[in-house]
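The sequence shown begins at 266 in the numbering used here and counts up by one.
Glycine included, each C-beta is placed from N, C-alpha and C at the ideal position.
Remember, it's a predicted structure, so these values are computed and weren't measured experimentally.
Note sheet for the following structure.
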Amino acid sequence: MIEIKASEIIKATGAELVQGSPDQLINKISTDSRTIKSGDVFLALRGPNFNGVDFIKEAIENGAVGYVAENSSIDSNLAIKTEDSLKFLHLLAKHVLQKVAPKVIAITGSTGKTSVKDILNSALSFKYDVLATKANYNNEIGLPLTVLELTPSTEVVILEMGMRGIGHIDELTEIARPDLALVTNIGNSHIELLETQENIIRAKAEIINGLKDDGTLFVNADDESTKALRELASSKEIISFGKNGDVSYREISSDELGRVKILIKVGSEQAEVNMPVPGSHHAQNACAAAAIASKMGLSLAQIKKGLEQLKLSSGRMEVLQENGWIIINDAYNSAPDSALAALDTLRSIDSERKVAILGSMLELGDSAKEEHERVGRYVARQNVDSLITVGELALDIKNGAIKAGMSKDNIKAFSDYSSLMKQIDSLVRTADAILVKGSRKIELENIVHYLQKKR
Numbered sequence: 266m267i268e269i270k271a272s273e274i275i276k277a278t279g280a281e282l283v284q285g286s287p288d289q290l291i292n293k294i295s296t297d298s299r300t301i302k303s304g305d306v307f308l309a310l311r312g313p314n315f316n317g318v319d320f321i322k323e324a325i326e327n328g329a330v331g332y333v334a335e336n337s338s339i340d341s342n343l344a345i346k347t348e349d350s351l352k353f354l355h356l357l358a359k360h361v362l363q364k365v366a367p368k369v370i371a372i373t374g375s376t377g378k379t380s381v382k383d384i385l386n387s388a389l390s391f392k393y394d395v396l397a398t399k400a401n402y403n404n405e406i407g408l409p410l411t412v413l414e415l416t417p418s419t420e421v422v423i424l425e426m427g428m429r430g431i432g433h434i435d436e437l438t439e440i441a442r443p444d445l446a447l448v449t450n451i452g453n454s455h456i457e458l459l460e461t462q463e464n465i466i467r468a469k470a471e472i473i474n475g476l477k478d479d480g481t482l483f484v485n486a487d488d489e490s491t492k493a494l495r496e497l498a499s500s501k502e503i504i505s506f507g508k509n510g511d512v513s514y515r516e517i518s519s520d521e522l523g524r525v526k527i528l529i530k531v532g533s534e535q536a537e538v539n540m541p542v543p544g545s546h547h548a549q550n551a552c553a554a555a556a557i558a559s560k561m562g563l564s565l566a567q568i569k570k571g572l573e574q575l576k577l578s579s580g581r582m583e584v585l586q587e588n589g590w591i592i593i594n595d596a597y598n599s600a601p602d603s604a605l606a607a608l609d610t611l612r613s614i615d616s617e618r619k620v621a622i623l624g625s626m627l628e629l630g631d632s633a634k635e636e637h638e639r640v641g642r643y644v645a646r647q648n649v650d651s652l653i654t655v656g657e658l659a660l661d662i663k664n665g666a667i668k669a670g671m672s673k674d675n676i677k678a679f680s681d682y683s684s685l686m687k688q689i690d691s692l693v694r695t696a697d698a699i700l701v702k703g704s705r706k707i708e709l710e711n712i713v714h715y716l717q718k719k720r
């Protein structure tokens, strides 16, 4: 965070200085009392199931120089009172962003947000000082906390924008108006929350409302649902990416670990790129990143170099070669389309057997049964040798696979990861390729960690 006086924070947020000097310099705001460091200021966020005020004493004991809270009389070197702790965070982030004034790139979509963010960060870092969203910091708390990590030298900030309902992306773009906005695709993730595909499109389209007047929208040329975005953004510059996009790609080949070689075309130039991560769907993610990188002034040679040095976030199509296995760790989250893409990757890997450990996919609402069965049918068509499902909803993956002709003898179902853990040793063999994928709450990363520790 940039160094800023307490008086400036008070002015930007409308808060009240209760204790301490207005000249107190602040260079770090933290919302976690457990990880607070000496000199930090603790922001006592209040939520439906927690109140940060309960942790102010712990934060001070751990070195906090002061705190921001809605209601507290605890003595401290610095105490700031605010009527709304979350609004305080948003206003402060907005102020810091305006002060540093980096180029703002926003990424949303049903799947692929984090992968595109990682790929773009890798490419842009060859030319710019870049700050990008870490982990899953893509909501109304995580995004402003990311913005507060800006330094005076930051030239570009890449912000992943998640969505849980109508108005959510509007809230995020109110904090950070993007210069460039990209929608990876529009699938049926969050259908449980929004009920219809039309509502999902409407919610994702909010990113257009937040675009700066001279902003640019990047859309997926291969996704029918993005046609609606073009109409809504008719007054903006629109650049498409995909096999049929303004910036295009085609796959050339893949190696034994499922890593693809692609040909990317930008204008009249083209270049072969060897993707260092598995999965043909990353070809499209790379194309999306290339479209933005080109708009940001990178040469195709720089883009190629950035793409080829990519490292994805942990738990996202991460290939681990452990104890004779090839493990595809995609356990961070799951949705129907990303599950199909992960199964394509599993199929492309050269191994004696292919094992798919698939957990329940959440937030699918009334379409949950249909979508889980669709994934199951795809498992059967991909000639997966062994299917292991985890979670109640994932039973329909099993049912779909059986309906599509997969033998029941090759399928095992478990209620949770801990019950699978007790039998996993008997279900996998040396030289297997093992895909591990499920929604965040299924916690399948524990299976990956267990397999990694096996000796």
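Distance between residue j and residue i (C-alpha atoms, nearest Å)
| i | j | result |
| --- | --- | --- |
| K508 | N485 | 9 angstroms |
| A621 | D609 | 11 angstroms |
| D444 | F483 | 11 angstroms |
| A607 | L709 | 15 angstroms |
| S518 | D690 | 34 angstroms |
| A633 | A645 | 19 angstroms |
| A536 | T398 | 28 angstroms |
| S341 | E281 | 15 angstroms |
| L563 | L572 | 12 angstroms |
| A468 | M626 | 21 angstroms |
| L660 | L623 | 10 angstroms |
| R612 | R581 | 17 angstroms |
| T481 | E617 | 47 angstroms |
| E657 | E326 | 44 angstroms |
| G407 | N401 | 7 angstroms |
| S704 | E628 | 9 angstroms |
| E436 | G285 | 32 angstroms |
| T491 | P409 | 27 angstroms |
| K560 | K569 | 15 angstroms |
| D394 | R642 | 45 angstroms |
| L290 | I275 | 12 angstroms |
| L494 | S303 | 47 angstroms |
| H738 | E583 | The structure shown does not extend to residue 738, since the chain is modelled only from 266 to 720, so the question has no answer here. |
| D479 | P367 | 15 angstroms |
| I557 | T461 | 30 angstroms |
| A498 | T300 | 42 angstroms |
Distance CB(residue i)-CB(residue j) smaller than 8 angstroms
| i | j | result |
| --- | --- | --- |
| K619 | V655 | no |
| T419 | L396 | yes |
| I370 | I451 | no |
| G475 | R442 | yes |
| E587 | Q717 | yes |
| V421 | L447 | no |
| I614 | L522 | yes |
| A344 | V283 | yes |
| I472 | I434 | yes |
| G279 | V306 | no |
| L685 | I653 | yes |
| N539 | G377 | no |
| E323 | S298 | yes |
| V512 | A470 | no |
| I372 | E425 | yes |
Rounded Cβ spacing between residue i and residue j (contact assumed at less than 8 angstroms)
| i | j | result |
| --- | --- | --- |
| P417 | V361 | So it is not a contact: roughly 11 angstroms between Cβ atoms. |
| A553 | T449 | 6 angstroms |
| N464 | G427 | Their Cβ separation, rounded to whole angstroms, is 16 angstroms, which puts N464 and G427 out of contact at 8 angstroms. |
| E268 | N292 | 5 angstroms |
| V761 | L308 | Residue 761 is absent from the model: the chain starts at 266 and stops at 720. |
| A271 | P287 | 5 angstroms |
| I524 | P541 | Correcting the residue type first, residue 524 is Arg in the shown sequence and not Ile. Yes, they are in contact, since the Cβ atoms of R524 and P541 sit about 6 angstroms apart, within 8 angstroms. |
Answer yes if the region 566 to 577 comes into contact with the region 696 to 712, meaning at least three C-beta pairs across the two stretches below 8 angstroms, and no otherwise. no
**Message:** Any contact between the region 670 to 681 and the region 593 to 603? By contact I mean 3 or more CB pairs, one from each, below 8 angstroms.
**Reply:** no
For a minimum of 4 consecutive residues, which ranges assigned as the alpha helix (DSSP H) are wholly contained in the region 349 to 391? 350 to 365, 378 to 389
Problem set entry | Validate contact between the region 343 to 358 and the region 539 to 547 using beta carbons, cut 8 angstroms, 3 pairs | no
* Pairing CB atoms from the region 518 to 528 with CB atoms from the region 332 to 339, are three or more of them under 8 angstroms? -> no
Are the region 638 to 653 and the region 665 to 674 touching by the rule of at least three beta carbon pairs closer than 8 angstroms?
yes
At least 3 beta-carbon pairs within less than 8 angstroms: the region 306 to 324 vs the region 380 to 392: no
Item checked: Whole alpha helix (DSSP H) elements within the region 268 to 343, 4-residue minimum -> 271 to 278, 321 to 326
Query raised in the report: Counting Cβ pairs, one atom from each stretch, are 3 or more of them under 8 angstroms apart for the region 496 to 516 and the region 589 to 597?
Result: no
Item to complete: Mind listing, in chain order, the continuous beta strand (DSSP E) runs of no fewer than 3 residues lying wholly within the region 510 to 545?
Response: 512 to 519, 524 to 531, 534 to 543
3 or more residues per run - each beta strand (DSSP E) lying fully within the region 582 to 641 | 583 to 587, 590 to 595, 618 to 624
Which full runs of the alpha helix (DSSP H) of 4+ residues lie inside the region 676 to 713, going along the chain? 682 to 686, 689 to 692
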